[in-house]
Amino acid sequence: MDLFEYQGKQFFAGYGIAVSPGEVADTVDDAVAAADRLGYPVVVKAQVMVGGRGKAGGVKLAANTAEAREHAEFILGLDIKGHVVKRLWIEKASDIAEEYYASFTLDRAAKKHLGMLSAQGGVEIETVAEEDPDAIAKIWIDPVEGLTEAVARAWVEEAKLNPLANDGAVELLQKLYTAFTDGDADLAEVNPLILTPEGKVHALDAKVTLDDNASYRHDWAEYEASQVRDEREQAAHDKGLQYVGLDGYVGVIANGAGLAMSTVDIVNQVGGQAANFLDIGGGANAEVMAGALEVINNDPTVRAIFINIFGGITKGEEVANGIVTALGRVKIDSPIVIRLDGTNADQGRAILAAHESESLVSKPTMLEAARAVVEIAGKR
Ligand code: GDP
Ligand code: MN
Numbered sequence: 190m191d192l193f194e195y196q197g198k199q200f201f202a203g204y205g206i207a208v209s210p211g212e213v214a215d216t217v218d219d220a221v222a223a224a225d226r227l228g229y230p231v232v233v234k235a236q237v238m239v240g241g242r243g244k245a246g247g248v249k250l251a252a253n254t255a256e257a258r259e260h261a262e263f264i265l266g267l268d269i270k271g272h273v274v275k276r277l278w279i280e281k282a283s284d285i286a287e288e289y290y291a292s293f294t295l296d297r298a299a300k301k302h303l304g305m306l307s308a309q310g311g312v313e314i315e316t317v318a319e320e321d322p323d324a325i326a327k328i329w330i331d332p333v334e335g336l337t338e339a340v341a342r343a344w345v346e347e348a349k350l351n352p353l354a355n356d357g358a359v360e361l362l363q364k365l366y367t368a369f370t371d372g373d374a375d376l377a378e379v380n381p382l383i384l385t386p387e388g389k390v391h392a393l394d395a396k397v398t399l400d401d402n403a404s405y406r407h408d409w410a411e412y413e414a415s416q417v418r419d420e421r422e423q424a425a426h427d428k429g430l431q432y433v434g435l436d437g438y439v440g441v442i443a444n445g446a447g448l449a450m451s452t453v454d455i456v457n458q459v460g461g462q463a464a465n466f467l468d469i470g471g472g473a474n475a476e477v478m479a480g481a482l483e484v485i486n487n488d489p490t491v492r493a494i495f496i497n498i499f500g501g502i503t504k505g506e507e508v509a510n511g512i513v514t515a516l517g518r519v520k521i522d523s524p525i526v527i528r529l530d531g532t533n534a535d536q537g538r539a540i541l542a543a544h545e546s547e548s549l550v551s552k553p554t555m556l557e558a559a560r561a562v563v564e565i566a567g568k569r
């Protein structure tokens, strides 16, 4: 789950990381009132989950009430790379001496946490990585040892920040690492991390992705409530399905994330385009299948549906009965192609064969099913 900047800063503040005071505002009047309360100058910042807001005109300094109003009016409703601004963060403006970059992510290949620090902040890190890769100091942190002060200091020195920033950076990075690990984040990024003329180091921006699998350990209800999903994704989420909307026209239902990804791939490989990724998980029972079919059926771009199930613990005949029951419950507008394999596939296929029609086709392999579904979709 991605957080908005203001939520990321809330999250940081919970771990003692220095951020600027500020307030959320959803209207121009609220923004102006917040700015007046905070005292000028303030920064008016668009809250959208996309980077490069500054360049797009979504981050503006205001020196007085009139400017705060002008900027709030301009930024609310602004379209930033397809994200319309509905909420502002009004923050006390900081004086900036230097802008740095800092982040923690998980390096899955190394099985360690990766820290990146650069004296070239405030710009896109991808650009720095391309043009001047040596300007990014990387460390791989042993998850058992954690980020000790000695390691943090060596890292900060390697990044060649202004030496005035070193103590503050060491302290902030250690707190950021604690936020990243204890807070169960997949990403904690600060760009820019600033040094003020008074020698203070603090986080001027926040990009945080939380690990949804850890949500049971935290109270993330507020973050969860403000998530922005497209209509299809919201419907799937409400049913507890793992769903990602895509741009194609073949609806995909599979059990297991790996199989669902392979299904999207094979649809594309045979010349089609998947409308979605949908993993119904291990227990492919009638209720889950009906829910999945409903979500796919409500997607107007879908022209045909590919159900790809590999029976494991859930046996083939249970899956087949589940599909048949689900089809009895939900009226589906698009033809369906099913590939059923795995445990008791023969029994399952026999059940499906009894219901076979022009709009319900069963194929024994993934490739044949993919070809069939793309061909059927092409005719509609
Ligand atoms: P992004 O463009 O979406 O990454 O938004 P940021 O929050 O990183 O802001 C973009 C840029 O605006 C920063 O790199 C700063 O240069 C500038 N900026 C943001 N807040 C302040 C502030 O409090 N004071 C000053 N002087 N500049 C700011
Ligand atoms: Mn930024």
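FYI, in my numbering the residues of the sequence shown are 190 to 569.
Glycine residues also receive a C-beta, built at the ideal position from the N, C-alpha and C atoms.
Just so it is clear, the structure is predicted and the values come from calculations on it, not from any experiment.
- Of the candidates Asn487, Ile540, Met450, Pro489, the residue whose Cα lies closest to the Cα of Asn497 is Met450.
- Going by C-alpha positions, Glu378 is about 29 Å away from Val221.
- Residue list for the ligand MN: Asn380, Asp394 (CB closer than 6 Å to any heavy atom, chain order).
- Contact between the stretch 480-498 and the stretch 417-427 is present: 3 or more CB-CB pairs across the two stretches fall below 8 Å.
- Rounded to whole angstroms, the gap between the alpha carbons of Glu262 and Val217 is 6 Å.
- Inclusion of Arg242 in the 7 Å shell around the ligand GDP follows from its C-beta lying nearer than that to a non-hydrogen atom of the ligand.
- DSSP places Asn465 inside the beta strand (DSSP E), whose first and last residues are 465-468.
- Approximately 12 Å separates the beta-carbon atoms of Gly440 and Val563; this is outside 8 Å, ruling out the contact.
- The three-state reading of DSSP puts Gly304 in strand, counting E and B together.
- Between Gly372 and Tyr204, the C-beta gap is smaller than 8 Å, which places the two residues in contact.
- Our two residues, Thr490 and Asn253, have alpha carbons roughly 49 Å apart in a direct line.
- Apart from the 5 residues on each side of it in sequence, Glu506 sits with its Cβ closer than 7 Å to the Cβ of Asn533, Gln536, Gly537, Ile540 in its chain, given in chain order.
- The residue from Ile285, Gly247, Val513 with its alpha-carbon nearest to that of Leu267 is Gly247.
- In the structure shown, Glu287 adopts extended strand secondary structure according to DSSP, grouped into three states.
- Bounds of the beta strand (DSSP E) holding Tyr432 are 431-434.
- Across the structure, Glu411 and Val550 are spaced so that their CA atoms are roughly 44 Å apart.
- The ligand GDP never approaches Gly388 closely enough for any of its heavy atoms to be under 7 Å from the residue's Cβ.
- Proximity of the beta carbon of Glu378 to the ligand GDP is not indicated: no heavy atom of the ligand is located closer than 7 Å.
- If you draw a straight line from the Cα of Met190 to the Cα of Ala446, it comes to about 17 Å.
- A straight line joining the alpha-carbon of Ile330 with that of Ser292 spans about 12 Å.
- The beta-carbon distance between Ile264 and Val233, rounded to whole angstroms, is 6 Å. This is short enough to meet the 8 Å contact definition.
- Taking Glu280 as the centre and dropping the five residues before and after it, the same chain places the C-beta of Ser209, Gly211, Val232 closer than 6 Å to its C-beta, in chain order.
- In this structure, Leu306 lies near Trp344, with their beta-carbon atoms less than 8 Å apart.
- With at least 16 other beta carbons inside 10 angstroms of its own, Gly480 counts as buried.
- Within the stretch 471-517, complete alpha helix (DSSP H) segments of at least 4 residues are found at 475-486, given in chain order.
- Remark: the shortest separation between the CB of Gly246 and any heavy atom of the ligand GDP does not fall under 7 Å.
- Counting of Cβ neighbours within 10 angstroms places Ile455 among the buried residues, the total reaching 16 or more.
- Going by beta carbons, Pro381 and Asp394 fall inside the 8 Å limit.
- The nearest non-hydrogen atom of the ligand GDP is less than 7 Å from the C-beta of Leu250.
- Inclusion of Glu346 and Asn355 in the CB contact set at 8 Å is warranted, their separation being smaller than that value.
- In this structure His272 is in contact with Met238, their Cβ atoms being roughly 7 Å apart against a cut-off of 8 Å.
- Under the three-state reduction of DSSP output, Ser292 falls in the strand class.
- If you ignore the 5 residues before and after Lys275, its C-beta comes within less than 7 Å of the C-beta of Asp215, all in its own chain and listed in chain order.
- Relative to the ligand GDP, the beta carbon of Gly311 is positioned inside 7 Å of a heavy atom.
- If you draw a straight line from the Cα of Val433 to the Cα of Ala561, it is about 23 Å long.
- With distances taken between CA atoms, Val390 lies nearest to Asp284 out of Asp284, Asn444, Thr370.
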